[in-house]
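In terms of my numbering, the sequence shown is residues 1483 to 1852. Don't be surprised by glycine CBs; every beta carbon is placed ideally from N, CA and C. Given the structure is predicted, the values throughout are model-derived calculations rather than measurements.
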Amino acid sequence: MEHIATAAGRPIGQVLPNGGAGQGGSLPNAKHRWRDIFDPVTAARAELELNATDLAVLRAILSYLPGDWIHVDAPEAHVCFASNCAIAARVGLSGDSTVNRALRKLEAAGIVQRRASANHKRYPRRTRQGEVISIYGISLAPALEGHDRVLGLVQTLAARANRIDILRGRCADLIDHLRASNPDTGTGTIELINAAKKQLRRVPTEMALSELVAALEAELRNIGITATKEMRAPSIVLSDNDSQIERHKEAQKNPPVTYDDLRLAFPTVTSFTDSASSAREFERRADILAESLPDTASAWRRAKQVLTFPRAYILLGYALERGDRLRRPGAYIHALTTRCARNADLARELVKTSMSRLAKLPRRQSRCPC
1483 MEHIATAAGR PIGQVLPNGG AGQGGSLPNA KHRWRDIFDP VTAARAELEL NATDLAVLRA
1543 ILSYLPGDWI HVDAPEAHVC FASNCAIAAR VGLSGDSTVN RALRKLEAAG IVQRRASANH
1603 KRYPRRTRQG EVISIYGISL APALEGHDRV LGLVQTLAAR ANRIDILRGR CADLIDHLRA
1663 SNPDTGTGTI ELINAAKKQL RRVPTEMALS ELVAALEAEL RNIGITATKE MRAPSIVLSD
1723 NDSQIERHKE AQKNPPVTYD DLRLAFPTVT SFTDSASSAR EFERRADILA ESLPDTASAW
1783 RRAKQVLTFP RAYILLGYAL ERGDRLRRPG AYIHALTTRC ARNADLAREL VKTSMSRLAK
1843 LPRRQSRCPC
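Take a look at the structure:
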């Protein structure tokens, strides 16, 4: 029989001053039950082999804790004393057998540990003076101690999803190039295109996508098409006019911004996106770069929605060139988005401003934060 021992003679109220519910608690390295425990476990549920019911049980267990902040040295704060029936009622299950199965899976995943008393009840054992001697219940200590392990799983899954997304975009681009070759009906090219489209509709593995990319590239080589130069970067069009004639008139007044101009104006962002093999990967790399900045994800999504990707890309490059001088890059991009939405020529002006500013500075290396 396992139990959680506490320091002898320490009243329960002295373990977590203020109930541990303050901003970060009064103990160092305290973890937030939702942000630091539940959210990472939810993100890594595939690697931990947990389903929706297991996560619902974990959510119910966390909801029974007295405060938001928990610490491994404060057992009263990270142990749930609710019975299986109470947890089942809070989750909406009919009985406690499902809760038992979920607890076994959570234990196997290293998230919780059940510590039962002799009569299988869950409670803190106290002396007559109210001092806690031992605690029996569902402990979150494994989740606290394995927090870095779960975060590592989350990062592994995110990296894998990013690689799969890049491979899917590469496959889609290769399929477009094969279609552009106008293959004859009944040929192997048509069969390969149909098989590739069918595979992309499913949930493919990274290995399967890599093999598909190799097959599509081999087919392109067989028919004598090179699909590399035109697949590098998306075209940067800063005109709001749909008419080709109107764009021609505008180009005579304002020379168009080329990607070479962006390389000169924004070397930080272009050095990270230059190696992209497709337009989708190009945008994905820009997304990764934007999300690596503090509090920038929502501002970046808004910029792409309001201004379209080319102009948002210019704002991101301009913000990155400001470097450490920006304390809140997300707020800066948000403000630039509002200004650029009102002034269509602002993006062009930002390119010119950055080019002239960098021309006056000594040559430097890229400050890519990734």
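Judged by DSSP in its simplified three-state form, E1627 adopts helix. Straight across, the Cα-Cα distance linking E1773 with R1631 is about 22 Å. It is roughly 18 Å from the alpha-carbon of S1621 to the alpha-carbon of R1517. Contact holds between the segment 1634 to 1652 and the segment 1756 to 1776, because three or more Cβ pairs, one in each stretch, are under 8 Å apart.
The shortest CA-to-CA distance from E1589 to any of L1537, A1640 and P1811 is the one to L1537.
Within a 10 Å sphere around the beta-carbon of K1679 sit fewer than 16 other beta-carbons, which makes this residue exposed.
In this structure, I1569 lies near A1542, with their beta-carbon atoms less than 8 Å apart.
With respect to the 8 Å criterion, I1593 and V1539 are not classified as neighbours on the basis of their beta carbons. Exposure of Y1605 is indicated by the presence of fewer than 16 other C-beta atoms within 10 angstroms of its C-beta.
Of the residues L1575, S1545 and W1551, the one whose Cα lies closest to the Cα of A1564 is S1545. E1693 and F1754 have their C-alpha atoms some 26 Å from each other. Secondary structure at Y1741: helix, using DSSP grouped into helix, strand and coil. For the pair A1625 and A1512, the Cα-to-Cα distance works out to about 12 Å. Taking the C-beta atoms as reference points, F1748 is found no nearer than 8 Å to G1805. For the pair of segments examined, the segment 1773 to 1784 was found to touch the segment 1811 to 1821: the number of CB pairs separated by less than 8 Å reaches three.
When DSSP states are grouped into helix, strand and coil, P1606 belongs to the strand group. Rounded to whole angstroms, the gap between the alpha carbons of D1743 and D1769 is 21 Å. Nearest C-alpha to G1574 among G1549, G1628, W1551 and A1534: A1534. The C-beta of G1612 has fewer than 16 other C-beta atoms within 10 Å across all chains shown, which makes the residue exposed. The beta carbon of A1697 is closer than 7 Å to those of L1674 in its chain, skipping five residues each way along the sequence. CA-to-CA, the gap between T1740 and P1792 works out to about 11 Å. Rounded to the nearest angstrom, the Cβ distance from R1642 to E1688 is 6 Å, consistent with a contact under 8 Å. A direct Cα-to-Cα measurement between V1561 and P1811 gives close to 40 Å. Here the C-alpha atom of A1591 lies approximately 20 Å from the C-alpha atom of Y1618. In the assembly as shown, V1685 is an exposed residue. Its beta-carbon has fewer than 16 other beta-carbons within 10 Å.
Straight across, the Cα-Cα distance linking A1528 with R1583 is about 17 Å.
A direct Cα-Cα distance of roughly 24 Å separates A1829 from S1757. Excluding five sequence positions before and after N1566, the CB atoms of its chain that fall closer than 6 Å to its own CB belong to D1578 and V1581, given in chain order. Listed in chain order, the non-local C-beta contacts of V1636 below 8 Å within the same chain comprise P1522, A1525 and A1526, local neighbours out to five positions each way being set aside. In this structure, K1587 lies near L1532, with their beta-carbon atoms less than 8 Å apart. Beta bridge pairing from DSSP links R1596 with I1620. By the neighbour-count criterion, in which a residue is buried when 16 or more other Cβ atoms sit within 10 angstroms of its Cβ, K1842 is exposed. Looking at the DSSP output, W1551 sits in a beta bridge with H1514.
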